[in-house]
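Every number in our numbering is 3 more than the matching position in the sequence shown, counting from 1. Cβ coordinates follow ideal geometry from the N, Cα and C atoms, glycine included.
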Amino acid sequence: MPIYEYEIIPSDEKTQPAGRFEIRQSMADAPLTRHPETGEPVRRVYAAFSVGAGGSSNSSKASASYPSSSCGCCGGGSCPL
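Right, here's the structure in full:
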């Protein structure tokens, strides 16, 4: 299950958000609207993440062996366009 990040919505629009927290949820679950412990209103935020392969650079060599699509929007030759 993925971990989602939420931000507490401030009561005053001029103030900064009161904090953030992470929670593990199923992708089928609806986004939270309230903090599970305090009941404060929350919104889901999209956090940047990175997935990398450790060790050698074989992953870049492997992806280079697949032809790219003509539109440039999909890699690996699996683009439906």
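message: Among the candidates R23, D32, A51 and A50, whose CA atom is the shortest distance from the CA of E40?
response: R23
- prompt: Looking at the unbroken beta strand (DSSP E) that takes in E25, where does it start and where does it end?
  reply: Per DSSP, E25 belongs to the beta strand (DSSP E) from R23 to R27.
- prompt: So, are the CB atoms of I12 and V45 less than 8 Å apart?
  reply: Cβ distance < 8 Å, so I12 and V45 count as in contact.
- request: Hey, could you find the ends of the beta strand (DSSP E) R47 is sitting in?
  value: V45 to V48
message: Could you give the first and the last residue of the continuous beta strand (DSSP E) run that contains I11?
response: I6 to I11
message: Quick check: the Cα distance between R27 and T36, rounded to an integer number of angstroms?
response: 15 Å
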